[in-house]
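A.B. asks: Take a look at the following structure, please.
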Amino acid sequence: MAIVHAHRGALGGVAVAVAVAIAAVVAGSGLALARTPAGTGSMIGMPMGRPVTTQGMSGTVTQLHQRVVRVTIHNFAFGPARLVVSPGTRIVWTNTDSDPHTVDGAKGLWSSEALDTGNQFARVFAKAGTFSYYCSIHPYMHGTIVVKK
Ligand SMILES: [Cu+2]
Numbered sequence: 012m013a014i015v016h017a018h019r020g021a022l023g024g025v026a027v028a029v030a031v032a033i034a035a036v037v038a039g040s041g042l043a044l045a046r047t048p049a050g051t052g053s054m055i056g057m058p059m060g061r062p063v064t065t066q067g068m069s070g071t072v073t074q075l076h077q078r079v080v081r082v083t084i085h086n087f088a089f090g091p092a093r094l095v096v097s098p099g100t101r102i103v104w105t106n107t108d109s110d111p112h113t114v115d116g117a118k119g120l121w122s123s124e125a126l127d128t129g130n131q132f133a134r135v136f137a138k139a140g141t142f143s144y145y146c147s148i149h150p151y152m153h154g155t156i157v158v159k160k
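For the sequence shown, the working numbering begins at 12 and goes up steadily by one.
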């Protein structure tokens, strides 16, 4: 099943924080490109007790030994854009934009249907390797899943 309904994950909270930060920077300049933070949900869905989570300077997020790791699609970008996980991790992408997006693996490795607002796509990454993906509707949207043994 490609699309399931579930609550927003932890990365939704990160996206909100980023949106708030951007809004603060551009406030008063008339360049309020970020969507209103209030419209992106709250921190209620924040899961607790994730054993290994680090965020590097480059924006790479490492989440080893997790069953499920979430990627949020927000403001026409995958967040985190580069994610390092262990083999067997289920990655769940959630579209929080009002525009539809897809999650398609490079070289046709996999593809999703168009995800409407709040819809999800999930894939288990069983093997080690570097898997880049993109949105077929907006091909400039790129992400990478690194599966590390
Ligand atoms: Cu898109």
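Note that CB positions come from ideal geometry on N, CA and C, so glycine has one too. Quick caveat: nothing in here was measured; it's all calculated off a predicted structure.
1. Comparing the CB of PHE132 with every heavy atom of ligand 1, is any distance shorter than 7 Å?
2. Taking only heavy atoms of ligand 1 into account, decide whether any of them is closer than 7 Å to the Cβ of GLY85.
3. Which whole runs of the beta strand (DSSP E) in the region 74 to 136 are 3 residues long or more, in chain order?
4. Among LEU75, THR71 and ASN130, which one has its Cα closest to the Cα of THR155?
5. By Cβ distance, which residues of its chain are closer than 6 Å to VAL80, with the 5 residues on each side in sequence left out?
6. Looking at the unbroken beta strand (DSSP E) that takes in ILE156, where does it start and where does it end?
7. Is any non-hydrogen atom of ligand 1 found closer than 7 Å to the C-beta of HIS149, if you look at the structure I gave you?
8. Is it the case that the CB of HIS153 approaches a heavy atom of ligand 1 more closely than 7 Å?
9. Output the distance between the C-alpha atoms of PRO111 and ALA125, rounded to the nearest integer angstrom.
10. Determine the DSSP secondary structure at THR71, reduced to helix, strand or coil.
11. Does PRO58 come out as helix, strand or coil in the three-state DSSP assignment?
12. Going straight from the alpha carbon of VAL135 to that of VAL114, what length do you get?
13. Just the C-alpha distance for LYS159 and LYS118, rounded to the nearest angstrom, thanks.
14. Within its chain, find whatever has a CB closer than 8 Å to the CB of ALA92; leave out the 5 residues flanking it on each side and keep chain order.
15. Quick check: is any heavy atom of ligand 1 less than 7 Å from the C-beta of HIS76?
C.D. replies: Based on what the coordinates show:
1. Your numbering for residue 132 matches position 121 in the sequence shown. PHE132: no, Cβ never under 7 Å from ligand 1.
2. Taking the first residue of the sequence shown as position 1, residue 85 is located at position 74. The identity of residue 85 in the sequence shown is His, whereas the question assumes Gly. HIS85 has its CB no nearer than 7 Å to any heavy atom of ligand 1.
3. 79 to 84, 93 to 96, 100 to 106 and 131 to 136
4. Counted from its first residue, the sequence shown places residue 155 at position 144. Of the candidates LEU75, THR71 and ASN130, the one whose C-alpha sits nearest the C-alpha of THR155 is THR71.
5. Working through the sequence shown from its first residue, we reach residue 80 at position 69. Sequence-distant partners of VAL80 (beyond 5 residues in either direction) whose C-beta falls short of 6 Å from its own C-beta, in its chain, are GLN74, VAL96, THR100 and ILE102.
6. Within the sequence shown, numbered from 1, the residue matching residue 156 stands at position 145. 153 to 158 is the extent of the beta strand (DSSP E) around ILE156.
7. By one-based count along the sequence shown, residue 149 stands at place 138. At least one heavy atom of ligand 1 falls within 7 Å of the beta-carbon of HIS149.
8. In the sequence shown, residue 153 corresponds to position 142, counting from 1. Not so, every heavy atom of ligand 1 lies at least 7 Å from the Cβ.
9. Taking the first residue of the sequence shown as position 1, residue 111 is located at position 100. Taking the first residue of the sequence shown as position 1, residue 125 is located at position 114. Cα-Cα distance, rounded: 6 Å.
10. For the purposes of this step, residue 71 is taken as residue 60 along the sequence shown, with counting starting at 1. Residue state, collapsed to three classes: coil.
11. Your numbering for residue 58 matches position 47 in the sequence shown. Annotation note: pLDDT 49 at PRO58 (below 50); position unreliable, coordinate value reported separately. PRO58 falls in the coil class under three-state DSSP.
12. What you label residue 135 is simply residue 124 of the sequence shown in a count that begins at 1. What you label residue 114 is simply residue 103 of the sequence shown in a count that begins at 1. Spanning the two alpha carbons is a distance of roughly 13 Å.
13. Looking up residue 159 in the sequence shown gives position 148. Looking up residue 118 in the sequence shown gives position 107. LYS159 and LYS118: Cα-Cα distance of roughly 20 Å.
14. Residue mapping note: residue 92 aligns to position 81 of the sequence shown, counting from 1. Short of 8 Å from the beta carbon of ALA92, and not among the five residues preceding or following it, lie these beta carbons of its own chain, in chain order: GLY70, HIS153, GLY154 and THR155.
15. By one-based count along the sequence shown, residue 76 stands at place 65. Outside the cutoff, so no.
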